[in-house]
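Residue numbers (our numbering): 9 to 358. Reviewing the structure listed below.
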Amino acid sequence: MVDWSSFFTDKMSFVERLINTVDFIGSTVVNYYYISVNQHIANELAIYPGWETRPPLVNLMSDVALVLVNSHHSVGYAYPKAPHVKEIGGMTLNIPSELPEDLKSFMDNADEGIVYFSMGSLVNMSQLTDDGRKLHEFLGAFKSLKQKVLFKWSGSTLPKVDDPKIWIREWFPQRAILEHKNTRAFVTHGGLQSTIETTDSGVPTVGIPIYADQFKNVEFLVHIGSCVKLIKSNLTKDSLYWAINEVAENPRYKAAAQSRSVILKDVPKKPMDEVMYWLEYVLRHGRVLQPASVHMPFYQVHQLDVLAFLVGSLVTSYLIIVRIVCALCCAVRGKCKQQNSNKIKRINKP
Numbered sequence: 009m010v011d012w013s014s015f016f017t018d019k020m021s022f023v024e025r026l027i028n029t030v031d032f033i034g035s036t037v038v039n040y041y042y043i044s045v046n047q048h049i050a051n052e053l054a055i056y057p058g059w060e061t062r063p064p065l066v067n068l069m070s071d072v073a074l075v076l077v078n079s080h081h082s083v084g085y086a087y088p089k090a091p092h093v094k095e096i097g098g099m100t101l102n103i104p105s106e107l108p109e110d111l112k113s114f115m116d117n118a119d120e121g122i123v124y125f126s127m128g129s130l131v132n133m134s135q136l137t138d139d140g141r142k143l144h145e146f147l148g149a150f151k152s153l154k155q156k157v158l159f160k161w162s163g164s165t166l167p168k169v170d171d172p173k174i175w176i177r178e179w180f181p182q183r184a185i186l187e188h189k190n191t192r193a194f195v196t197h198g199g200l201q202s203t204i205e206t207t208d209s210g211v212p213t214v215g216i217p218i219y220a221d222q223f224k225n226v227e228f229l230v231h232i233g234s235c236v237k238l239i240k241s242n243l244t245k246d247s248l249y250w251a252i253n254e255v256a257e258n259p260r261y262k263a264a265a266q267s268r269s270v271i272l273k274d275v276p277k278k279p280m281d282e283v284m285y286w287l288e289y290v291l292r293h294g295r296v297l298q299p300a301s302v303h304m305p306f307y308q309v310h311q312l313d314v315l316a317f318l319v320g321s322l323v324t325s326y327l328i329i330v331r332i333v334c335a336l337c338c339a340v341r342g343k344c345k346q347q348n349s350n351k352i353k354r355i356n357k358p
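This is the structure:
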C-alpha cells in the first residue's frame with residue numbers, strides 16, 4: 009500500500025518499497041505521538057461529570073463501527089481494506105454554481121479554450137512567486153499561450169495585468185469552471201478535493217505539489233496519464249508554458265482524464281446515498297462489520313509473533329541438528345581412532 013506521503017506509485021522497486029515502509033512507520037509513530045498530545049489536552053479541557061470513565065483516545069479511534077473515507081479508486085491506488093471501511097469519494101462534489109455573467113461571457117467566447125490556474129486556499133501565491141519577483145515568469149507563460157487564462161491569486165496585493173485574455177481574481181467558482189466545455193487544462197497543487205473535482209469533470213492537469221498528500225495525488229494523475237508534473241523550485245516561464253501547452257494540446261491527456269471520470273461516476277449509488285445507507289446499517293446492526301483486528305496489538309495484526317516463533321523454531325531445529333551431526337561425527341571419529349589404536353597395538357605385539 010502506498011503511504012499517504014509517498015512519492016511513489018503502486019509499482020515499486022525493492023528500494024522504493026523499503027522507503028515506503030519507513031515512511032509508513034514514521035507516519036505511525038508521529039500519529040501515536042499526537043494521540044498522546046491530544047489525550048493530554050482532552051484531559052485538561054474536556055472536563056464534564058463522569059469524564060473519568062471516558063476511554064482513552066487510542067481506544068476511541070480504533071473501536072469504531074464504521075469508517076467513511078473521502079477517497080475512491082478512480083483518484084488513488086486500489087488497496088485492501090476492512091469491511092467497516094467504506095469509500096465515499098465524491099460526496100463533497102457539489103452541484104456547479106452558475107457562472108457570473110461576465111465570467112460566463114469570457115469563457116463562452118474562448119475559441120481556443122480556457123486554462124484555469126489555482127493553488128487552492130492554503131497556498132499563498134505571493135510566496136510561490138517569491139513575493140512577486142517571479143510573477144513575470146507566470147504572466148510571461150500565460151501571455152505565450154493561445155488559450156485564455158483564469159489565474160486565482162492569494163496574497164497581499166492583487167497583481168495588475170494589461171493582457172485582456174488573462175483574468176486575475178482572488179476567487180473563482182472552481183466547480184463551474186471545470187465543468188465548462190471550453191476548459192482545456194487545470195493547473196493545480198494536487199489537493200484531494202481539487203483532484204476529485206478535476207477527475208469528475210474529466211479535465212487534464214498540470215500538477216505543482218507543495219506539501220503533504222499533494223505529491224501522492226499528482227504522482228497518481230501522472231501515473232494514469234492525465235497530468236504533467238512540475239517542481240515548485242524549478243518553475244520558469246518556459247517550463248510552465250511547455251507543461252500547460254502539452255496538456256491542453258495533446259489529446260491523450262484529455263482522453264485519460266475522461267476515462268478516469270467515467271470510472272468515478274460508475275457507482276451503484278450516489279456518494280451521499282451510500283453514506284446514509286451505511287450509517288443506517290450500523291445503527292441497525294451495530295459492529296458486525298468491525299474486524300477483530302481493531303482490538304489486537306500491532307504485532308498480532310501483522311503476525312509478527314507467529315513469524316518470530318517460526319523463525320525461532322527453524323533456528324533452534326537447525327542448531328539441534330548441527331549439534332547432533334557434530335556429536336555423531338565426533339563419536340565416529342573417536343571410534344575410528346580407537347580401532348586404529350588397537351590395530352597398531354596388535355601389530356607391534358611380539
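All C-beta atoms in this analysis are idealised placements derived from N, C-alpha and C, irrespective of residue type, glycine included. Remember, predicted model here, so these are calculated numbers, not experimental data.
Thinking A193 and T213 are a contact (beta carbons under 8 angstroms), I'd like their distance in whole angstroms, please. 7 angstroms
Any idea what DSSP makes of P193, helix, strand or coil? Inspection of the sequence shows that residue 193 is occupied by Ala rather than by Pro. Here A193 sits in strand by DSSP.
Would you kindly work out how many angstroms separate the C-alpha atoms of I176 and L229, rounded to a whole number? 26 angstroms
Excluding sequence positions up to five away, which residues of its chain have a Cβ less than 6 angstroms from the Cβ of K237? G215, V226, V230
Alpha carbon to alpha carbon, how far is Y87 from M9? Cα-Cα distance, rounded: 6 angstroms.
Rounded to whole angstroms, what is the Cα-Cα separation between I103 and S202? 15 angstroms
At what residues does the alpha helix (DSSP H) containing Y249 begin and finish? Y249 -> alpha helix (DSSP H) spans 245-257.
For the segment 117-145, which segments carrying the beta strand (DSSP E) assignment without a break, of at least 3 residues, lie completely within its bounds, in sequence order? 122-126
If V270 sits next to Y261, beta carbons under 8 angstroms apart, how far is it from one beta carbon to the other, in whole angstroms? Contact between V270 and Y261 fails: their C-beta atoms lie close to 15 angstroms from each other, not under 8 angstroms.
Going by alpha carbons, who is nearest to E145 out of L76, W286, L248? L248
Going straight from the alpha carbon of Y40 to that of V30, what length do you get? 15 angstroms
Once the 5 residues before and after P181 are set aside, which same chain residues still bring their CB inside 7 angstroms of it? Within the same chain, P181 has close Cβ partners S105, L107.
Residues bridged to R177 [DSSP beta-bridge criterion]: K160
Considering just the uninterrupted stretch of the alpha helix (DSSP H) at K224, what are its terminal residues? 222-232
What would DSSP say about G98, mapped onto helix, strand or coil? coil
Option nearest T165 by Cα separation, candidates Y219, T137, G128, V283: T137
Tell me the rounded alpha-carbon separation between F16 and L200. 17 angstroms
So the beta strand (DSSP E) G215 belongs to, where does it begin and stop? 213-215
Might you give, ordered along the chain, the residues of its own chain that have their beta carbon closer than 7 angstroms to the beta carbon of G98, omitting 5 neighbours on each side? H80, I204, D208, L272, P279
Where does L238 sit, in a helix, a strand or coil, going by DSSP? coil
Pull up the distance between the alpha-carbon of E60 and that of T191, whole angstroms please. 56 angstroms
Just verifying my parser: in three-state terms, what is the DSSP assignment at V37? helix
Just the Cα atoms here: how many angstroms apart are L76 and E178? Answer to the nearest angstrom: the Cα atoms are 32 angstroms apart.
Of the residues R341, V333, V131, K154, which one's Cα is nearest the Cα of T196? V131
Contained beta strand (DSSP E) runs [length at least 3] in the segment 29-96, N- to C-terminal order: 75-77, 93-95
Once the 5 residues before and after I232 are set aside, which same chain residues still bring their CB inside 7 angstroms of it? A264, R268
Is the separation between the beta-carbon of E120 and that of K154 shorter than 7 angstroms? yes
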